[in-house]
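If you use our numbering, the sequence shown corresponds to residues 379 to 876, in order.
From the three backbone atoms N, C-alpha and C, an ideal C-beta is built for every residue, glycine too.
What follows is one structure encoded as structure tokens, with my remarks underneath.
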Amino acid sequence: TTVGLGALVLVATGVCLWVLHRRRQHDVLRKHGIPGPEPSLLIGNWAELRKDPVQVMERWIKQYGKVFGYYVGEIPYIVITDVDLIKEIFLKRASIFCDRPPQLVNVEPFKSCILGLEGQEWKKVRSVLNPIFTGSKMKLMTQIMASSADVMLELLDDAASKAESVDMFRVARGYSMDVITKCAFAWQVDCQKNPTDPILSGVQQVFNIDHPVINNMIRFPVMRKVLEWLYPYAGYYDVTTQITESVRKVVELRRSGQSPHATDMLQLMLDAQTGVGDETAKSDHKSKLMEDRHLLSNSFIFLVAGFDTTASSLAFIIHILAKYPEQQEKIYSELAEKFPGATELTYDGVQQLQNLDMVLCETLRLYPPVVLFVSRLCREHTTVMGHSLPAGANVIVPTWHMHHDPDIWHEPFKFVPERFSEGDKAYDPSVYSPFGLGPRICIGKRFAILELKLAICKIIRKYKVAQCDQTQDPLRLVVPSVVINPEKGVIVNLCKRG
């Protein structure tokens, strides 16, 4: 019929216009002289990148050089591995490259966290949160973390007494979740002894990018507003709501005086919000800078962001120590000298353990937790060192590559802790950035390092860690979401020290 034919022509015209528009979008990088792989019309280069982000990125770097681009949907990404260019963009021109790319899920509790906030709002909230992670505040967390490490030792004692091998990645996940829930909210959860604990299993789903709703948000950024309506059906909506509502109730109880104040990050945020304490009281206006939505959102993101990254890092350190027993003994000797007998571990004392620090830094170089962590949005068209960068492009530093570049590191795949004999400050942050770089460096860096060091101290003080028949070496690595994981875990044997 005429109507049917007209509808068909209309649809065909719409498709043709969309194809032309998408091709123009996919021509942006070429017009700016930036090479890269040919994108597919519908989802750009996402399908290829998703298969194995580390290997695909390495192949592209070899093929296209130190500056190239790719697309996710219609969004252009520019990858930079030139050290001088990284410094210029991420450190010297941070005012233009100040924001992270738009949030994948731009709804609460993600919307108001410091990972997603932009511009002045981000600066204000970050200024309120920074004092929570100072050395003095971390001292308050030391014994809370140590108590979680003691629970972990109970589990390891059981395995050691039965001469059973242990998957330290699974153990590390329980420990990490226990630490963050106690330190963030003073919650007493059973996630170490109960692997099916609802909070533990729920948080593990939060960044499941294989879920159809999340996957389509990545592949079709233009559809995110529509797909956000489907977010409540993304599978883990219930757990995010449960956690934020639980935090909201705790906040209400503490404000009304019905719940005692606790030494946790939530209380520190409440104090910071109202200007309590020396560090926060210096700015009388700070109480106006962080609303309750920021408080709830950042409480949630501390829980999520501090979980898998720390767990995988702890597992990788155990893998390294099992592989290099001489490094264990160096740390053990250092511990015995600094903390003789059953002396309690202290924040200041742990910071002085040089061998531990070297092993930690080198492990984070070999296994950076987030392989594509460092990314910034180019707010306006600009030219940097002869490179034309279009507005709206996301600039990325591939951390894995920078940490394994033979032009930067001698024998980059070899474990050499002596590289860090002067600490991580010996290296330019543009080449060593396990926690990111520039003004938006990970706010929880001190927290994560303390958590890792206390766990290692507790384990090495009590056990010798050894490889076993089930140990996978070299480890096969996977990136199921944004964090690099050992595919088959880290299986080791534990032997109690005499």
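Note: residue 874 is bridge-paired with 841 in the DSSP secondary-structure output. Taken through DSSP and simplified to helix, strand or coil, residue 810 comes out as coil. Cβ neighbours of residue 694 within its own chain (closer than 6 Å, five residues either side excluded): 741 and 745. In the pairwise beta carbon analysis, the region 855 to 872 is classified as touching the region 544 to 555: at least three pairs are separated by under 8 Å. Under the three-pair Cβ rule at 8 Å, the region 797 to 811 counts as touching the region 775 to 785.
For residue 864, the secondary structure class from DSSP, reduced to helix, strand or coil, is strand. For residue 676, the enclosing alpha helix (DSSP H) starts and ends at 670 to 683. Residue 628: member of the alpha helix (DSSP H) spanning 615 to 633, first to last residue. Taking the C-beta atoms as reference points, residue 675 is found no nearer than 8 Å to residue 539.
About 7 Å separates the beta carbons of residue 687 and residue 748, which is inside the 8 Å limit, making them a contact pair. When the five nearest sequence neighbours on each side are left out, the beta carbons in the same chain lying within less than 8 Å of the beta carbon of residue 458 are those of 444, 445, 464, 467, 773, 774 and 775, in order along the chain. Counting C-beta pairs with one atom in each stretch, the region 517 to 526 and the region 718 to 734 have three or more that are closer than 8 Å, which means they touch. Nearest to residue 451 by alpha-carbon distance, out of 496, 493 and 402, is 402. Annotation for residue 448: the continuous beta strand (DSSP E) segment containing it runs 445 to 450. For residue 454, the enclosing beta strand (DSSP E) has its first and last residue at 453 to 458. Exposed is the label assigned to residue 429, since fewer than 16 other Cβ atoms lie within 10 Å of its Cβ. Beta bridge pairing from DSSP links residue 754 with 773.
In the structure shown, residue 855 adopts extended strand secondary structure according to DSSP, grouped into three states. Per DSSP, reduced to three states, the secondary structure at residue 422 is strand.
Secondary structure note for residue 766: its beta strand (DSSP E) is the uninterrupted segment 765 to 767. Note: residue 695 is not bridge-paired with any residue in the DSSP secondary-structure output. Considering only 777, 765 and 756, the residue with the shortest C-alpha distance to residue 771 is 756. Only residues of its own chain outside the window of five on either side were considered, and among them 712 and 799 have a CB closer than 8 Å to the CB of residue 732, listed in chain order. Per the coordinates, the alpha-carbon of residue 673 lies some 15 Å from the alpha-carbon of residue 631. Sorting 873, 853 and 560 by C-alpha distance to the C-alpha of residue 642 places 560 at the top.
Where residue 574 is concerned, there is no enclosing beta strand (DSSP E), because DSSP gives it neither an H nor an E. Cα atoms of residue 691 and residue 801: separation of roughly 18 Å, rounded to the nearest angstrom. Our two residues, residue 503 and residue 669, have alpha carbons roughly 9 Å apart in a direct line. Here residue 709 is actually not in contact with residue 728; their C-beta atoms are around 11 Å apart, not less than 8 Å.
Going by beta carbons, residue 875 and residue 841 fall inside the 8 Å limit.
Residue 726 carries a helical assignment under DSSP once its states are collapsed to helix, strand and coil. In the three-state reduction of the DSSP assignment, residue 869 falls in the strand class, which pools E and B. Residue burial is scored here from C-beta neighbours: residue 582 has at least 16 other C-beta atoms within 10 angstroms and is therefore classed as buried. In terms of Cα proximity to residue 651, the closest of 836, 509 and 432 is 509. Assigned with DSSP and collapsed to three states, residue 529 falls in helix.
Taken through DSSP and simplified to helix, strand or coil, residue 849 comes out as coil.
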